[in-house]
Ligand code: CP3
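In the numbering used here, the protein residues as written are 97 to 452.
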């Protein structure tokens, strides 16, 4: 692994990704800029989700506002997993209350063959947003720490599932049908996604992203043998290529307790843990040579203060101050979450002292 050049090593978040010692546990949240936050909803009143993503000044503002309001140690660029579909020739929209909808789902080899991989530069608006965020956070904060800038992309399986199903799915029937019965189409789809995502991640790194998070949100739908047979190789290739750009990679999925040892084989620097597995067990499953991120149940943010504080402390006690823990949720903040509870969690993580 190439050590990222300074100044990002001046960031406790980046150091924790590399399992280097830190003065305290870094903290940020999945979906920290989202519909639970009034500032985001105010912007959203005037723009669609895609307009925000595609307008660097607005995307940067949303990213910066969330990070500053919460006082977290890292800012994740405001974008969406599905943005690379457009230059690949896959039209989609976000339908209120229903999530993403792909107009013509990709189901055949001929459709996969028609997917474009030569227009990645059309995604450069995300890199422009990252440049603005990087510039804004260029100076160290009052505690001397550099805020970490996180770029991201989807993992091949999770993105393929949206392309093939045409939207969110419960049983991933069409995706698994292609996996099981049309090997040529599946392999070509994986290859094309890896190619596009590598170029997209490269733009983000060149624009200033310190770390890339690869979201395999729906990998938990796969059995261990199917993950190994159909997804491990392309995901490993993607993560290998991103690490060769000189940044650490966080690899995140949900409902992944049984998949963690296989996910570890991708070579990711950090594995995101969902909340179902106690942090200590999850960390044991991935082994000591890998950092972990997580893993508070996002719905705990609706609990009374004493319960919430206890759950936060339990996670930090299980991490036990070992280098390589980044505090986060086990999945994204949901709409309706009280912002003040999110801020409280940040304050508790920052002031937490291990009992000796
Ligand atoms: O601070 C942040 O993390 C926000 C940036 C961000 C968004 N999407 C903006 C967004 C990130 C990191 C994503 C990633 C993303 N997009 C994932 C992986 C993360 C995860 O939760 O596992 C996925 C699966 C998607 C695809 C997607 N985008 C879905 C399924 C939906 C609908 C969800 C819903 O609850 O309606 C979106 C829409 C979306 N992307 C929203 C945001 C803030 C909410 C919708 C809106 O503002 O209209």
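We treat Cβ as the ideally placed atom computed from N, Cα and C, and that holds for glycine.
Straight-line CA distance for residue i to residue j?
i           : j           : result
residue 366 : residue 190 : 30 Å
residue 215 : residue 401 : 49 Å
residue 224 : residue 362 : 29 Å
residue 213 : residue 414 : 44 Å
residue 427 : residue 411 : 15 Å
residue 325 : residue 333 : 14 Å
residue 387 : residue 110 : 11 Å
residue 431 : residue 276 : 36 Å
residue 255 : residue 379 : 26 Å
residue 349 : residue 253 : 11 Å
residue 197 : residue 265 : 11 Å
residue 273 : residue 262 : 14 Å
residue 268 : residue 278 : 15 Å
residue 438 : residue 448 : 15 Å
residue 207 : residue 435 : 44 Å
residue 195 : residue 360 : 30 Å
residue 122 : residue 281 : 41 Å
Given a cut-off of 8 Å on the beta-carbon distance, is the pair residue i and residue j in contact?
i           : j           : result
residue 320 : residue 354 : yes
residue 106 : residue 300 : no
residue 227 : residue 303 : yes
residue 179 : residue 149 : yes
residue 310 : residue 258 : no
residue 222 : residue 156 : no
residue 408 : residue 444 : yes
residue 169 : residue 244 : yes
residue 117 : residue 419 : yes
residue 203 : residue 270 : yes
residue 429 : residue 136 : no
residue 167 : residue 442 : yes
residue 369 : residue 416 : no
residue 352 : residue 316 : yes
In terms of residues, what are the limits of the alpha helix (DSSP H) holding residue i?
i           : result
residue 378 : 375 to 382
residue 132 : Element bounds for residue 132: n/a, residue is neither H nor E.
residue 402 : 401 to 415
residue 112 : 108 to 113
residue 438 : 435 to 447
Counting along the chain, where does the beta strand (DSSP E) carrying residue i start and finish?
i           : result
residue 199 : Careful: residue 199 lies outside any beta strand (DSSP E) and carries neither H nor E.
residue 268 : Unbroken run through residue 268: none, as it is neither H nor E.
residue 249 : 244 to 250
residue 292 : Here residue 292 belongs to no beta strand (DSSP E); instead the alpha helix (DSSP H) covers 279 to 302.
residue 189 : 188 to 191
residue 347 : 345 to 349
residue 423 : 421 to 425
For the ligand CP3, is there any heavy atom lying closer than 7 Å to the beta carbon of residue i?
i           : result
residue 427 : yes
residue 197 : no
residue 420 : no
residue 174 : yes
residue 128 : yes
residue 188 : no
residue 162 : yes
residue 510 : No answer is possible for residue 510: the residues shown for the chain start at 97 and end at 452.
residue 219 : no
residue 165 : no
residue 145 : yes
residue 131 : yes
residue 339 : no
residue 257 : no
residue 233 : no
residue 140 : yes
residue 109 : no
residue 248 : yes
residue 264 : yes
Problem - beta strand (DSSP E) runs contained entirely in the stretch 149 to 173, provided each spans 3 or more residues - result: 170 to 172
Practice task
Run through the stretch 311 to 347 for me and flag every whole alpha helix (DSSP H) of 4 or more residues, listed as ranges in chain order.
Solution key: Counting only runs of 4 or more residues that sit fully inside the stretch 311 to 347, the alpha helix (DSSP H) segments are 328 to 339, in chain order.
Problem - Complete alpha helix (DSSP H) runs within the stretch 199 to 238 (minimum length 4 residues, chain order) - result: 205 to 210, 220 to 232
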